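Taking it in order: structure first as structure tokens, then the write-up.
Number of protein chains: 2
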Amino acid sequence: MKIAVLGTGMVGRAIAARLAELGNDVTVGTRDVAATLARTEPDGMGNPPFSAWAAAHPAVTPAAFADAAAEAELVISATSGAASLDALHAAGAGNLAGKVVLDIANPLDFSHGVPPTLFVKDTDSLGEQIQRTFPDARVVKTLNTMNAALMANPRQLADGDHTAFVSGNDSAAKKVATELLASLGHRDIIDLGDITTARGTEMLLSVWLRLFSALGTPNFNFKIVR
Amino acid sequence: MKIAVLGTGMVGRAIAARLAELGNDVTVGTRDVAATLARTEPDGMGNPPFSAWAAAHPAVTPAAFADAAAEAELVISATSGAASLDALHAAGAGNLAGKVVLDIANPLDFSHGVPPTLFVKDTDSLGEQIQRTFPDARVVKTLNTMNAALMANPRQLADGDHTAFVSGNDSAAKKVATELLASLGHRDIIDLGDITTARGTEMLLSVWLRLFSALGTPNFNFKIVR
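For the protein sequence lines, the chains are A and B, in the order given. If you read the first sequence in the working numbering, its first letter stands for residue 188, the second for the next number, and so on. If you read the second sequence in the working numbering, its first letter stands for residue 188, the second for the next number, and so on.
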């Protein structure tokens with residue numbers, strides 16, 4: 188499948204590399220390709236510069252947001268949550284129309300320190316904001332409840348015996364998302380309902396952040412035992 | 188152990204019955220014992236009147252909030268979250284001082300319809316409100332992330348292979364709470380940290396409510412796979 192991953196941080200890199208490894212035609216979208224590739228310092232999170240990652244992943248093509256989205260059959264919104272709407276605007280509403288858009292970001296607000304709070308909570312969600320702003324996109328909220336390495340390679344933990352969620356208004360889009368997740372190795376995928384249920388999975392970040400601190404590792408996930 | 192369970196709803200009943208069955212000396216606290224026992228209609232949630240439950244559980248003694256708390260070694264705050272502070276005030280700060288107080292309620296706000304929102308979110312929590320209001324109580328937030336039947340009898344689902352959390356400022360109090368949970372059958376208990384981590388477990392309710400709707404049963408729980 189032709190997939191555009193918007194965002195060059197750890198989440199975008201992890202999911203893009205894995206999707207390319209699985210044989211998809213993957214483009215990573217960024218605001219300014221030349222500027223992104225010109226950076227030689229680690230980013231604010233201490234990750235290696237994108238250029239080093241891109242050199243190690245020649246199958247993934249960097250492109251401007253709009254070029255990446257225009258060519259794609261499916262778009263993954265993988266920037267930081269605070270940057271998602273701007274990146275999607277840059278991708279262009281016309282380039283998103285009719286397409287499945289996976290929103291895998293979280294509405295984290297670092298302005299009050301750490302752990303971050305959420306800039307939308309139980310009366311709205313980032314997933315809903317994206318769906319409202321791009322009504323012709325078929326938005327599915329998913330994967331935001333786990334670390335990037337587990338999003339991309341769930342079988343590395345307990346052979347994948349843990350849960351992913353999908354939220355969205357379009358059943359066919361959720362089916363596409365579920366199949367894509369299954370291709371990554373996700374074994375247990377729960378359809379929570381329409382896009383408003385993204386409020387639930389986004390608010391999960393609050394306990395995720397405390398668990399990260401208490402357990403001392405991001406290599407854990409929620410399993411819904413039932 | 189002498190335990191006071193404050194609250195006569197489904198949560199209070201489930202936990203009180205189970206603790207009595209395990210040999211604890213359990214009192215259920217209510218505002219007005221005579222009025223509570225005089226009700227003959229099901230409550231607003233369709234539960235049988237408390238008097239019928241009390242008749243079936245003669246080992247559990249109903250008492251006024253203050254009388255229940257005065258006699259207890261450990262107090263469980265099991266009213267609705269919106270009523271918790273009032274019930275604890277009625278129990279009396281002096282009767283809570285020095286004691287382990289388990290807060291197992293959630294700050295649910297039904298004023299905007301269903302699913303409910305939370306009246307405190309990522310900048311505060313009900314657990315913190317209780318600890319601030321009763322600084323001499325040793326508050327532990329726990330059990331609020333699952334259905335009442337699972338709080339009391341975790342082994343009924345997957346032989347207890349799922350997770351409970353504790354949050355609190357007092358390590359010795361968390362040890363008492365953890366031992367009490369283990370006596371109920373909880374096998375995996377994660378200490379998240381101080382009472383501010385209750386923000387995480389309270390915000391978990393948002394996805395719990397969506398899962399309840401999607402799965403069509405409250406008989407599920409979170410397991411932290413790690």
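The C-beta atom is built at its ideal place from N, Cα and C for all residues, glycine as well. Values in this document were obtained by computation on a predicted structure and should not be read as measured data.
Across the set A/Ala335, A/Ala221, A/Ala345, A/Ala246, the C-alpha of A/Ala335 shows the shortest separation from the C-alpha of A/Ala265.
In the DSSP assignment, B/Ser298 falls outside any beta strand (DSSP E), carrying neither H nor E.
At least one CB atom of chain A sits nearer than 8 Å to the CB of B/Leu402. Fully enclosed alpha helix (DSSP H) runs of no fewer than 4 residues occupy 313-320 of the stretch 283-335 of chain A, in order along the chain. With contacts defined as CB atoms closer than 8 Å, A/Val220 and A/Val262 fail to qualify as a contacting pair.
For the stretch 370-387 of chain A, the beta-carbon criterion of a distance under 8 Å to any beta-carbon of chain B is satisfied by Ile377, Asp378, Leu379, Gly380, Thr384, Arg386, Gly387.
The alpha-carbon separation between A/Ala385 and B/Met232 amounts to approximately 27 Å. Not one beta carbon of chain A lies nearer than 8 Å to the beta carbon of B/Val307.
B/Thr329 is the residue among B/Gly300, B/His299, B/Thr329, B/Glu260 whose C-alpha sits nearest the C-alpha of B/Leu313. Remark: C-beta atoms of B/Thr217 and B/Pro245 do not approach each other more closely than 8 Å. The Cβ atoms of B/Thr310 and B/Phe352 do not sit closer than 8 Å to each other. Here the stretch 320-328 of chain A makes no contact with the stretch 392-403 of chain A; the two share fewer than three CB pairs at distances below 8 Å. Interface criterion not met: the Cβ of A/Arg218 is under 8 Å from no Cβ in chain B.
Taking C-beta atoms under 8 Å as the contact rule, B/Leu272 and B/Ile317 qualify, at a distance of about 7 Å. Shown here for A/Val247: same chain residues with a beta carbon closer than 6 Å to its own, the five before and five after excluded, namely Ala203, Ala207, Val213, Val215 in chain order.
The Cβ neighbour count for B/Ala259, taken over all protein chains shown within 10 Å, is at least 16; the residue is labelled buried. B/Asn293 and B/Ser267 have their alpha carbons spaced roughly 7 Å apart.
Counting only residues of its own chain and dropping the five nearest sequence neighbours on each side, A/Asn331 has a CB closer than 7 Å to the CB of Ile291, Ala292, Asn293, Thr388, Glu389.
Between the stretch 338-351 of chain B and the stretch 366-382 of chain B, the count of C-beta pairs closer than 8 Å reaches three or more; the two stretches touch.
Only buried fits B/Glu315, as 16 or more other CB atoms lie within 10 angstroms of its CB. Straight-line measurement puts the Cα of A/Leu379 at about 22 Å from the Cα of A/Thr320.
In the three-state reduction of the DSSP assignment, A/Gly347 falls in the helix class, which pools H, G and I. Look at B/Thr214 here: in three-state DSSP terms it is strand. Between B/Asp348 and A/Val412, the C-beta gap is smaller than 8 Å, which places the two residues in contact. A/Asp381 has its alpha-carbon roughly 43 Å from the corresponding atom of B/Leu224. Here DSSP, grouped into helix, strand and coil, assigns B/Gly268 to helix. Take the alpha-carbon of B/Val363 and the one of B/Ala284: they are about 16 Å apart.
Residue environment: A/Thr404 is assigned as exposed (fewer than 16 neighbouring CB atoms within 10 Å of its CB, all protein chains considered). Residue environment for B/Gly199: buried (at least 16 other C-beta atoms within 10 angstroms of its C-beta). A straight line joining the alpha-carbon of A/Phe409 with that of A/Leu344 spans about 11 Å. By the beta-carbon neighbour count (other beta carbons within 10 angstroms, threshold 16), B/Phe237 is buried. Spanning the alpha carbons of B/Asn282 and B/Ala256 requires a straight line of approximately 6 Å. For B/Ala359, the uninterrupted alpha helix (DSSP H) segment begins and ends at 358-371. With contacts defined as CB atoms closer than 8 Å, A/Ile376 and A/Leu368 qualify as a contacting pair.
Residue environment: B/Gly194 is assigned as buried (16 or more neighbouring CB atoms within 10 Å of its CB, all protein chains considered). Note that the C-beta distance between B/Ala253 and B/Ala278 is below 8 Å.
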